[in-house]
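Working notes for the structure below.
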Ligand code: HEM
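In my numbering, the protein residues as written are 26 to 417.
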């Protein structure tokens, strides 16, 4: 069986390929991409725990190519220690647990408004009406975007995400470049305004962040703000969409959650494991390395198949079964180690609140159109649309 993450069959349903790789070729050479793929939990976990051997060297910033509005500022995702250690310590100050907990009432309120609009229609698409705007609106507030710039901000965010799928059309690319320049200009001003007049938002926390007499430069804050849009929006949208999709295709599991609201956090963890929004992470080896599944040479590109690790029967019994009571604690959907997702508590909060509102504040719903088209991406997994019809 040939595995290539770019092939439409893999994008449509990667899981049979992952199962084959885990059993027959756990360290697999993808000839067309000149890269290795690690599919077993033990090997992916080892790579995540050993960043000095599996380095993060500049891949993700390249996903935007010439559409990156801040190409001269390296992304934290692409950094290695000691630069990463320094930036991460400072960036953490914007994501302290108490700051994220304090967001809960606003996340509830934003969700309530979006759900009211979604329910007012006989048939509403979850993606543009709830799972898309929720994370974008929350990040906008976290960054202190003024209300009269919210629509611009949403357009810039959407355009940035669209840029990661590398649109070939030059007219579209020109529009995305213009949008990126506007985003950059707006944020540069916003950061300076927060320096003179800080508030209670994340941007102010980043401006104030100090660690051993070290602070973040305006360029570093700008780079972080852009990355938050790229890393935090589509991923969270897909977490919510993948949850609803899998509940609809597993009616017995849906019934269990409807009967017991306290299962929602476990549902969120199971969706992250079962249908991981980030399917793979790129790394580069700094030396030859012997893994459980085979050997990889030095200076090689390696894809860590997070979504396959999360379906590894060697780690999760009956891994292909979607079980809302499983509450898996050691899935790698948010990565692990030094680059562990900075936004994980926020994504969990938004996922829980969106699903609680959909399942407990709305009438029951069906999806009138299947199969649902998948986003054509190598890295993220989610549905393009998810039309819902509410019963009276
Ligand atoms: C379900 C939603 C999300 C998923 C599945 C996800 C997944 C990930 C993964 C797998 C990584 C590790 C990358 C690596 O090791 O190379 C990561 C890092 C990161 N994530 Fe998330 N993420 C989500 C939501 C968010 C949100 C909401 C934010 C912020 C608002 C965010 C911000 C970040 C940042 C800044 C990093 C880089 C951390 C570092 O390099 O030290 N993510 N995320």
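Quick reminder that beta carbons are idealized off the backbone N, C-alpha and C, glycines included.
The structure displayed is predicted, hence computed values, not measured ones.
Cβ neighbour criterion (16 or more within 10 Å) applied to residue i
i           : result
residue 149 : buried
residue 239 : exposed
residue 204 : buried
residue 64  : buried
residue 184 : buried
residue 278 : buried
residue 121 : exposed
residue 188 : buried
residue 283 : exposed
residue 385 : exposed
residue 194 : exposed
residue 38  : exposed
residue 364 : buried
residue 355 : exposed
residue 158 : buried
residue 173 : exposed
residue 49  : exposed
residue 451 : Given that the chain is displayed from residue 26 to residue 417, the structure contains no residue 451 and the question cannot be resolved.
residue 332 : buried
residue 280 : exposed
residue 344 : buried
residue 298 : buried
residue 182 : buried
residue 26  : exposed
residue 396 : exposed
residue 342 : exposed
residue 106 : exposed
residue 51  : buried
Cβ neighbours of residue i in the same chain (closer than 6 Å, five flanking residues each side left out)
i           : result
residue 102 : 85
residue 261 : 160, 372 and 375
residue 162 : 135
residue 35  : 42
residue 236 : 114 and 115
residue 275 : 347
Inter-residue CB distance, residue i and residue j (contact presumed, cutoff 8 Å)
i           : j           : result
residue 116 : residue 367 : 6 Å
residue 248 : residue 95  : 5 Å
residue 231 : residue 118 : 7 Å
residue 359 : residue 390 : The Cβ separation is near 28 Å, so there is no contact.
residue 92  : residue 218 : The Cβ separation is near 26 Å, so there is no contact.
residue 357 : residue 334 : 5 Å
residue 250 : residue 168 : 6 Å
residue 337 : residue 47  : 6 Å
residue 412 : residue 387 : So it is not a contact: roughly 15 Å between Cβ atoms.
residue 67  : residue 317 : 5 Å
residue 186 : residue 295 : With a Cβ gap of about 25 Å, residue 186 and residue 295 do not count as contacting.
residue 370 : residue 125 : 5 Å
Residues near residue i in its chain [Cβ-Cβ closer than 7 Å; skip 5 each side]
i           : result
residue 178 : 165 and 170
residue 361 : 70, 73 and 74
residue 404 : 303, 304 and 305
residue 233 : 223
residue 139 : 154, 155, 158 and 159
residue 89  : 188 and 189
residue 32  : none
residue 100 : 85, 86, 248 and 252
residue 146 : none
residue 300 : 267, 271 and 406
residue 212 : 247 and 250
residue 144 : 387 and 415
residue 131 : 166
Close-in-space but distant-in-sequence residues of the same chain around residue i (CB under 8 Å, 5 per side omitted)
i           : result
residue 293 : 264, 268, 373, 376, 377 and 380
residue 327 : 60, 61, 62, 63, 72, 79, 307, 308, 309, 310 and 321
residue 312 : 78 and 323
residue 325 : 60, 61, 309 and 310
residue 398 : 408, 409 and 410
residue 29  : 35, 55, 57 and 58
Contact with chain E by residue i, beta-carbon distance below 8 Å
i          : result
residue 94 : In the structure shown, chain E cannot be found, because there is only a single protein chain.
Report yes or no: do the segment 72-80 and the segment 214-233 share at least 3 C-beta pairs separated by less than 8 Å? As far as the Cβ criterion goes, the segment 72-80 does not touch the segment 214-233, which means the pair count is below three.
Within 8 Å, do at least three Cβ pairs link the segment 377-394 to the segment 287-307? Enough Cβ pairs lie closer than 8 Å, so yes.
The segment 347-355 contacting the segment 47-61, beta-carbon criterion three pairs below 8 Å: Contact annotation: the segment 347-355 does not touch the segment 47-61, with fewer than three C-beta pairs closer than 8 Å.
Any contact between the segment 262-276 and the segment 309-323? By contact I mean 3 or more CB pairs, one from each, below 8 Å. For the pair of segments examined, the segment 262-276 was found not to touch the segment 309-323: the number of CB pairs separated by less than 8 Å stays below three.
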